[in-house]
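2 protein chains.
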Amino acid sequence: MLSPSIAARPGKFDAWQAARLLARRELSAVDLARACLERVAQRDCEVQAFAHVDPDAVLAQARARAVDAGPLHSLLLGVKDLFDTVDAPTAYGSPIYAGHRPAADAAAVALCRAAGALVLGKTVTTEFTYFHRGATRNPRHPDHTPGGSSSGSAAAVADRRLPLALDTQTAGSSIRPAAYCGVVAYKPSRGRVPRAGVKSLSETLDAIGGFGRSVRDVALPGAVLAGNARLLDLPALGAAPRIGLCRTPRWPMADDDTARAWDQDHTTLAPQAAALTDVEPPADLPDLVALQKAVMAFEMSRALSHDRLVHRPRPSGRLQAFLDEGAAIPGTEHPAHLAATAAAQRRVDTLFDEIEVLLAPSATGEAPAGLAATGDPLFCRGWTLLGLPCIHLPFTQGRLGLLAGLQVVGRWGQDHPLLAAAQWTHERLIR
Amino acid sequence: MLSPSIAARPGKFDAWQAARLLARRELSAVDLARACLERVAQRDCEVQAFAHVDPDAVLAQARARAVDAGPLHSLLLGVKDLFDTVDAPTAYGSPIYAGHRPAADAAAVALCRAAGALVLGKTVTTEFTYFHRGATRNPRHPDHTPGGSSSGSAAAVADRRLPLALDTQTAGSSIRPAAYCGVVAYKPSRGRVPRAGVKSLSETLDAIGGFGRSVRDVALPGAVLAGNARLLDLPALGAAPRIGLCRTPRWPMADDDTARAWDQDHTTLAPQAAALTDVEPPADLPDLVALQKAVMAFEMSRALSHDRLVHRPRPSGRLQAFLDEGAAIPGTEHPAHLAATAAAQRRVDTLFDEIEVLLAPSATGEAPAGLAATGDPLFCRGWTLLGLPCIHLPFTQGRLGLLAGLQVVGRWGQDHPLLAAAQWTHERLIR
Chain A
-13 MLSPSIAARP
-3 GKFDAWQAAR
7 LLARRELSAV
17 DLARACLERV
27 AQRDCEVQAF
37 AHVDPDAVLA
47 QARARAVDAG
57 PLHSLLLGVK
67 DLFDTVDAPT
77 AYGSPIYAGH
87 RPAADAAAVA
97 LCRAAGALVL
107 GKTVTTEFTY
117 FHRGATRNPR
127 HPDHTPGGSS
137 SGSAAAVADR
147 RLPLALDTQT
157 AGSSIRPAAY
167 CGVVAYKPSR
177 GRVPRAGVKS
187 LSETLDAIGG
197 FGRSVRDVAL
207 PGAVLAGNAR
217 LLDLPALGAA
227 PRIGLCRTPR
237 WPMADDDTAR
247 AWDQDHTTLA
257 PQAAALTDVE
267 PPADLPDLVA
277 LQKAVMAFEM
287 SRALSHDRLV
297 HRPRPSGRLQ
307 AFLDEGAAIP
317 GTEHPAHLAA
327 TAAAQRRVDT
337 LFDEIEVLLA
347 PSATGEAPAG
357 LAATGDPLFC
367 RGWTLLGLPC
377 IHLPFTQGRL
387 GLLAGLQVVG
397 RWGQDHPLLA
407 AAQWTHERLI
417 R
Chain B
-13 MLSPSIAARP
-3 GKFDAWQAAR
7 LLARRELSAV
17 DLARACLERV
27 AQRDCEVQAF
37 AHVDPDAVLA
47 QARARAVDAG
57 PLHSLLLGVK
67 DLFDTVDAPT
77 AYGSPIYAGH
87 RPAADAAAVA
97 LCRAAGALVL
107 GKTVTTEFTY
117 FHRGATRNPR
127 HPDHTPGGSS
137 SGSAAAVADR
147 RLPLALDTQT
157 AGSSIRPAAY
167 CGVVAYKPSR
177 GRVPRAGVKS
187 LSETLDAIGG
197 FGRSVRDVAL
207 PGAVLAGNAR
217 LLDLPALGAA
227 PRIGLCRTPR
237 WPMADDDTAR
247 AWDQDHTTLA
257 PQAAALTDVE
267 PPADLPDLVA
277 LQKAVMAFEM
287 SRALSHDRLV
297 HRPRPSGRLQ
307 AFLDEGAAIP
317 GTEHPAHLAA
327 TAAAQRRVDT
337 LFDEIEVLLA
347 PSATGEAPAG
357 LAATGDPLFC
367 RGWTLLGLPC
377 IHLPFTQGRL
387 GLLAGLQVVG
397 RWGQDHPLLA
407 AAQWTHERLI
417 R
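Here it is in structure tokens:
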């Protein structure tokens, strides 16, 4: 049924290809699960992407799996340990919740399971998604950070342990690890994916997304999470999009690798795109990075009230300092910050009257050396604040041989055109 | 320390008065707790407002209470059983979660406890806040519904079991039971109160609020939940507000009691308000009631995915039918509904250029007879969809001797002017 070469290298095909093989019964759920589990067993000592894996339970689920359960068939899914799961401990990256067993699956997990996904395991998150390091290493360069907070999900997909993984982003927790590990990340438009059962950090900012190895891959969980099958309909030969290049005001923080990726991008796409123009953010826009930081600090200090107030001093020093900083922001300022955000959303929305997507930097550069920190989410903060859909595309190599790339940013609610434009762009950049 | 008359009638004074007596040490936390618990013991067999009370634990907390812990001092607080609590079972009104013990307090509960509140017990909610009846009766008329879904919180405050209770509103679950039971309800502006640890039903709609017996009362938890002490600063002699009267397009559904309250309102306020004008909703506004229903059905079916898909058929028939209806809405429609909501918010916001608050009906009439249903949230759906802050003011009696009243609706983010205007209005209406 399964050729030895496929069994030995489950990562040789991406989620979309695996789904097709599973549907045709050219690959069985059990063989795919076994191959993924073997890869985990071989590799996880080094990379430490997983917080919990129960191989027997995964195989039992794979054996019980009906064919054609839904668009995720019997695809193996990694789930960031910020999502509640009934059948695995859920610790949110904090010793406070070690061994915690939630009473229900998070809505996103329940939707993916109902669509046929098999949860392979829980992946490492940093402590409550903040910058305190998790155990995970960058699978391409073990002395470098995989980024955070969705460290385990990004590393597991990059290391071909499984085809898909769920993640979250509050500042840059999806796009940044995708950039550092070299996978595709899709963060949908705000409000389209239910967050029930995911540890809440910031109601304004928290977004659920998915990692995969291609744009078509990330459209699979994207369609399931948004309840929108149309997202799966990505033509192989899409029309050339109108693209805006948006360096953002923090461009001076980008290093040479990012600048080179940017130039490569321009050189490759200019002759092919329907339009490729530089886009300047409106001059009257507030500093979105500062605004995002203020909203995140205030909301996170309040969402984590129980942990901050009752479990002190168990949250780590850096997190506790951040939460205290947020708790000191006067409550009178928060409505003004939310109103400024809404005004900025309306202002930025008009940019999309002329173009379909923006290209923007994903990270300041390649994954930094060392594991004590997870890198800077600088280039993600603004897009997260605005709630716009974003897709990271890995396509080039930096000085260290790690992948670099850029993110494609869409208009709010226009996730299908974004996915189509991202696929068009990625196909051209990785040629 | 405590006079016998006070001990026998803890409900004789409202939260604000009790807070003052506690601060002056003219009333002890233990005596107040004991008096409330006695009232619960006497009355809860009939009214059934509570899902869980542990008197020994409440008294132990009262004994351990430091003076001046915060603005909620040692006030007894009822908590709707939709909020997670570490020290009491949390069932969300569903047999699926009977005996469930959460790992953390909801953020709102943690904030209230940190501000000095003592949780007296968990109050009854309908099943996942939907219309399936809870056990609670209307304390003023036991054969009538207390309204829902915050049935227990409204009944407990109305029946003077405790001074304050937390509630939530997704359609009309705060304002409607407040109207039926005759208490004040305050639903803050969207986005100002963290919802972490409250069972999520609709991310767009769910709002946390509080019940009390006066506007100053509900400002107490309001200030704590929003982290905004300014909300406590309500002058006794506030300036006369500019008021708009907004019957809404569903006015023909209002019965004679509501019409009489409306006329009384107009007669009383017209000579005193700085302005009192009829306000028509903009003609180009979509049907907000239909829009709210569509958003709620889609989001609730997805937020409750685990319960809907895994625990079927344990959700009751009526809820399951509603969730199935929501699950059948194409995911492509939801972004359009959210965009229409955002456009309506901007349109309605301009009404507040001329006036400070709107007065609007709270319910179609007095609490309906019977306990099988919890009444119609018709007059709340639109304001909930728009995320505007609302305060219900009870002030007159209908044909059955139950209280009727109206809601005061404020501009988004203008909660302090709303509270001040509501206090001004209430003082004049209850004279």
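As they're listed, the protein sequences go chains A and B. Per our numbering, numbering through the first sequence is continuous, rising by one, with the last residue being 417. Per our numbering, numbering through the second sequence is continuous, rising by one, with the last residue being 417. Note that beta-carbon positions come from the ideal geometry of N, C-alpha and C, so glycine has one too. Quick caveat: nothing in here was measured; it's all calculated off a predicted structure.
Listed along chain B, the residues sitting closer than 8 Å to Pro180/A by beta-carbon distance are Ser186, Glu189, Glu285, Arg288, Ala289, Ser291. DSSP lists no bridge partner for Tyr116/B. In the three-state DSSP reduction, Ala346/B falls in the strand class (E or B). Between Ser160/A and Gly195/A a beta carbon distance of about 5 Å is seen, short of the 8 Å cut, so the two are scored as contacting. Under the rule that a run must span 4 or more residues, the alpha helix (DSSP H) segments found entirely inside the region 291 to 373 of chain B read 291 to 296, 303 to 313, 319 to 335, 364 to 372. The continuous stretches of alpha helix (DSSP H) do not include Gln155/A, which lies in the beta strand (DSSP E) extending over residues 150 to 155.
A direct Cα-Cα distance of roughly 19 Å separates Pro267/A from Thr350/A. At least 7 Å separates the beta-carbon of Gly230/B from that of Val281/B.
Between Asp40/A and Leu68/A, the alpha-carbon positions lie close to 18 Å from each other. Looking at the backbone, the Cα of Gly373/B and that of Pro272/B are separated by about 16 Å. For Lys279/B, the uninterrupted alpha helix (DSSP H) segment begins and ends at 274 to 289. Contact of Asn124/B with chain A by beta-carbon distance below 9 Å is absent, the smallest such distance being about 31 Å. Interface with chain B (7 Å Cβ-Cβ cutoff): Ala90/A is included. Only buried fits Asp251/B, as 16 or more other CB atoms lie within 10 angstroms of its CB.
In this structure, Glu319/A keeps its C-beta atom at 7 Å or more from the C-beta atom of Asp243/A. For the region 74 to 98 of chain A, the residues whose beta carbon sits under 7 Å from a beta carbon of chain B are, in order, Tyr83, His86, Ala89, Ala90, Asp91, Ala93, Ala96, Leu97.
Straight across, the Cα-Cα distance linking Ala247/A with Ser348/A is about 11 Å. In the DSSP annotation of this structure, the continuous segment of the alpha helix (DSSP H) that includes Ala245/A starts and ends at 242 to 255. Under the Cβ distance rule, Arg51/A does not count among the residues neighbouring chain B, no pair being separated by less than 7 Å. Tyr166/A carries a helical assignment under DSSP once its states are collapsed to helix, strand and coil.
With a contact defined as Cβ atoms closer than 8 Å, Gly120/A and Val105/A miss out at about 19 Å. A check of alpha carbon separations from Val169/A across Arg417/A, Ala390/A, Gly64/A identifies Ala390/A as the nearest. Beta bridge pairing from DSSP links Arg147/A with no other residue.
Judged by beta-carbon spacing, Gly198/A lies within the 7 Å limit of Val204/A, meaning their Cβ atoms are closer than that value.
At a cut-off of 7 Å between C-beta atoms, Arg300/B does not count as an interface residue with respect to chain A. Gly177/B is positioned such that its CB atom lies closer than 7 Å to that of Leu324/A. Membership of Ala4/A in the alpha helix (DSSP H) is indicated by the continuous run 1 to 9. Contact with chain B is found for Leu295/A, since one of that chain's Cβ atoms lies less than 7 Å from the residue's Cβ.
Between Arg288/B and Pro180/A, the C-beta spacing is below 7 Å.
Proximity of chain B to Thr318/A at the Cβ level (cut-off 7 Å) is accounted for by Asn214, Arg216, in chain order.
Non-local beta-carbon contacts of Ala259/B in its own chain, meaning distances under 6 Å to residues more than five positions away in sequence, involve Ala226, Ile229 in chain order.
By the Cβ criterion, the region 326 to 339 of chain B is not in contact with the region 301 to 308 of chain B, since fewer than three pairs of Cβ atoms, one from each stretch, lie closer than 8 Å. Taking the Cα of Pro125/A as reference, the smallest distance to any Cα among Ala245/A, Ile341/A, Asp145/A, Ala269/A is reached at Asp145/A. Under the DSSP assignment, Gly196/B falls in the beta strand (DSSP E) whose first and last residues are 193 to 198.
For Ala46/B, the closest alpha carbon among the candidates Arg25/B, Asp73/B, Lys66/B, Val143/B is that of Asp73/B. Proximity of Pro321/B to chain A, defined by a Cβ-Cβ separation below 7 Å, is satisfied.
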